[in-house]
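Heads up, the thing below is written out as structure tokens.
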């Protein structure tokens with residue numbers, strides 16, 4: 001298993017903890033953006049697969065998440081989270097100049113990654129979106145009118161068909177198990193609207209992964225958002241029976257194989273001809 005090291009930097013609203021899984025002479029840099037309430041430590045196996053594929057892998061715990069500073073899961077403006085992610089990308093670019101950068105975002109991290117691509121896509125070689133929060137998210141629609149946020153724990157069976165995933169999630173002290181914060185719900189809604197109004201991603205090669213039994217971020221709502229942002233190079237993989245965390249699903253090897261095959265195609269197309 002690839003070994004990570006942590007580093008810390010001054011984020012927009014407090015200290016941000018980031019991780020890096022280095023590779024010798026990497027073919028590309030993979031930057032990971034995790035989902036709501038979780039942290040990058042849950043992506044060790046993803047990072048390991050990408051390091052074995054030839055990548056240096058890095059990413060932050062978003063503000064208010066994991067080991068980073070801030071009130072838990074409080075985000076008042078997702079542009080701040082995008083700015084923190086940009087700091088990580090630029091640090092990786094400084095360490096590995098002229099090495100292609102692939103951005104991989106899951107769930108809320110898929111929303112963050114999409115917004116990042118809209119603002120900084122010319123610096124990316126490819127974008128991978130796993131169960132991304134885009135378009136219409138019924139969780140935001142349900143919570144936005146409420147004054148008090150319901151404290152209803154997530155049904156961990158919706159994460160994966162593998163019950164050990166839910167058990168580990170429940171036992172993880174760095175995962176947030178409490179209710180949404182109202183400012184975060186407003187910020188999610190604002191970010192989704194901002195993304196939808198910005199337009200397509202142009203020629204950026206994009207891979208969209210989604211489980212067709214995703215009950216946390218349902219496929220139909222995300223498809224609305226994909227249609228708003230899709231550019232001229234979109235690859236879609238919908239996995240029958242898979243739930244929300246496709247990187248943690250019972251067919252995770254297939255999913256990670258699809259990611260690395262997609263990256264191979266992108267890198268081969270971009271390689272200069274002899």
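In the UniProt record's numbering, the protein residues as written are 1 to 274.
Don't be surprised by glycine CBs; every beta carbon is placed ideally from N, CA and C.
**Item:** Through-space distance from residue 245 to residue 130, alpha-carbon basis
**Value:** One-based indexing of the chain shown puts residue 130 at position 130. One-based indexing of the chain shown puts residue 245 at position 245. The straight-line gap from Cα to Cα measures roughly 8 Å.
**Message:** Under DSSP, the beta strand (DSSP E) around residue 5 begins and ends at which residues?
**Reply:** Taking the first residue of the chain shown as position 1, residue 5 is located at position 5. 5-11 is the extent of the beta strand (DSSP E) around residue 5.
**Request:** Since I believe residue 34 is in contact with residue 42 (beta carbons under 8 Å), could you give me their beta-carbon distance rounded to a whole number of angstroms?
**Result:** As a first step, residue 42 is located in the chain shown; it is residue number 42 there, counting from the start. As a first step, residue 34 is located in the chain shown; it is residue number 34 there, counting from the start. Between residue 34 and residue 42 the Cβ distance is about 7 Å, and since that is below 8 Å, they are a contact.
**Request:** From the DSSP output, in three-state form, read off residue 36 for me.
**Result:** Within the chain shown, numbered from 1, the residue matching residue 36 stands at position 36. The answer is coil: DSSP assigns residue 36 none of H, G, I, E or B.
**Asked** On the premise that residue 225 lies in contact with residue 195, defined as a C-beta separation below 8 Å, what is that separation, rounded to the nearest angstrom?
**Response** On the chain shown, residue 195 is found 195 positions in, with the first residue counted as 1. On the chain shown, residue 225 is found 225 positions in, with the first residue counted as 1. Correct: roughly 7 Å between the Cβ atoms.
**Prompt:** DSSP three-state call for residue 234: helix, strand or coil?
**Reply:** Here residue 234 refers to the residue found at position 234 of the chain shown. Residue state for residue 234 is assigned as strand, using DSSP reduced to three classes.
**Exposure label - residue 170; buried when at least 16 CB within 10 Å** = Here residue 170 refers to the residue found at position 170 of the chain shown. That one is exposed.
**Prompt:** What does residue 104 pair with, by DSSP beta-bridge criteria?
**Reply:** Residue numbering aside, residue 104 sits at position 104 when the chain shown is read from its first letter. Answer is 32, 128, bridged to residue 104.
**Item:** Same chain, Cβ closer than 7 Å to residue 266, five either side skipped, listed in chain order
**Value:** In the chain shown, residue 266 corresponds to position 266, counting from 1. Taken in chain order, the residues that qualify are 125, 126, 205.
**Item:** C-beta atoms of residue 144 and residue 189 nearer than 8 Å
**Value:** Working through the chain shown from its first residue, we reach residue 144 at position 144. Working through the chain shown from its first residue, we reach residue 189 at position 189. Going by C-beta atoms, residue 144 is nearer than 8 Å to residue 189.
**Unbroken stretches of the alpha helix (DSSP H), 4 residues or longer, contained in the region 20-89** = The qualifying runs are 44-52.
**Request:** Can you grab the Cα-Cα spacing for the pair residue 159 / residue 44, in whole Å?
**Result:** One-based indexing of the chain shown puts residue 159 at position 159. One-based indexing of the chain shown puts residue 44 at position 44. Looking at the two C-alpha atoms, the distance is approximately 17 Å.
**Item:** Selection from 8, 106, 176 that minimises the alpha carbon distance to residue 210
**Value:** Position 210 of the chain shown, counted from the first residue, corresponds to residue 210. It is 106.
**Prompt:** Tell me which same chain residues have a C-beta within less than 6 Å of the C-beta of residue 187, skipping the five on either side of it?
**Reply:** Here residue 187 refers to the residue found at position 187 when the chain shown is read from its first residue. Around residue 187: 75, 76, 77, 78.
**Request:** Quick one: grab the DSSP three-state call for residue 144.
**Result:** To locate residue 144, count along the chain shown from 1; it is residue 144. The answer is coil: DSSP assigns residue 144 none of H, G, I, E or B.
**Message:** Helix, strand or coil, according to DSSP, for residue 17 in the structure here?
**Reply:** Here residue 17 corresponds to residue number 17 of the chain shown, with the count starting at 1. Residue 17 falls in the strand class under three-state DSSP.
**Asked** Taking residue 122 as the reference, which of 237, 54, 89, 16 has the closest Cα?
**Response** The count along the chain shown starts at 1 and reaches residue 122 at position 122. Taking only the C-alpha atoms, the option nearest residue 122 is 89.
**Message:** Assuming the contact rule is C-beta atoms closer than 8 Å, residue 162 and residue 250 should be a hit. Round their C-beta distance to whole Å, please.
**Reply:** Numbered from 1 along the chain shown, position 162 holds the residue referred to as residue 162. Numbered from 1 along the chain shown, position 250 holds the residue referred to as residue 250. Correct: roughly 5 Å between the Cβ atoms.
**Prompt:** What are the complete beta strand (DSSP E) segments, minimum 3 residues, inside the region 198-243?
**Reply:** Complete beta strand (DSSP E) runs here, min 3: 206-211, 234-239.
**Through-space distance from residue 147 to residue 254, alpha-carbon basis** = Here residue 254 refers to the residue found at position 254 of the chain shown. Here residue 147 refers to the residue found at position 147 of the chain shown. Roughly 42 Å separates the two Cα atoms.
**Request:** Please go through the same chain and pick out, in chain order, the residues whose beta-carbon is closer than 8 Å to the beta-carbon of residue 241, but skip the five residues on each side of it.
**Result:** Counting from one through the chain shown, the residue named residue 241 turns up at place 241. Around residue 241: 161, 211, 212, 213.
**Message:** Our contact map puts residue 231 next to residue 200 with C-beta atoms below 8 Å; I'd like the distance itself, whole angstroms only.
**Reply:** Taking the first residue of the chain shown as 1, we reach residue 231 at position 231. Taking the first residue of the chain shown as 1, we reach residue 200 at position 200. Contact flag correct, Cβ pair sits at about 5 Å.
**Prompt:** Looking only at its own chain, which residues have a Cβ that is under 6 Å from the Cβ of residue 39, when we skip the five neighbours before and after it?
**Reply:** Along the chain shown, read from residue 1 onward, the residue named residue 39 stands at position 39. Once the five neighbours on either side are set aside, the close Cβ partners of residue 39 are 61, 65, 66, 174.
**Item:** Residue range of the unbroken alpha helix (DSSP H) whose run includes residue 262
**Value:** In the chain shown, counting from the first residue as 1, residue 262 sits at position 262. Residues 252-270.
**Asked** When you compare each of 203, 215, 208 to residue 269 by their alpha carbons, which one comes out closest?
**Response** Mapped onto the chain shown, residue 269 falls at position 269. Cα-wise, what sits closest to residue 269 is 203.
**Request:** Specify the secondary structure class of residue 177 as computed by DSSP and reduced to three states.
**Result:** Translated into the one-based positions of the chain shown, residue 177 becomes position 177. Residue 177 falls in the coil class under three-state DSSP.
**Asked** For residue 111, is the classification buried or exposed, using 16 other Cβ atoms within 10 angstroms of its Cβ as the cut-off for buried?
**Response** Locating residue 111 in the chain shown gives position 111, counting from the first residue. Buried, because 16 or more other Cβ atoms sit within 10 Å of the Cβ of residue 111.
**Prompt:** Can residue 31 and residue 103 be called in contact, C-beta distance under 8 Å?
**Reply:** Taking the first residue of the chain shown as position 1, residue 31 is located at position 31. Taking the first residue of the chain shown as position 1, residue 103 is located at position 103. Yes, the Cβ-Cβ distance between residue 31 and residue 103 is below 8 Å.
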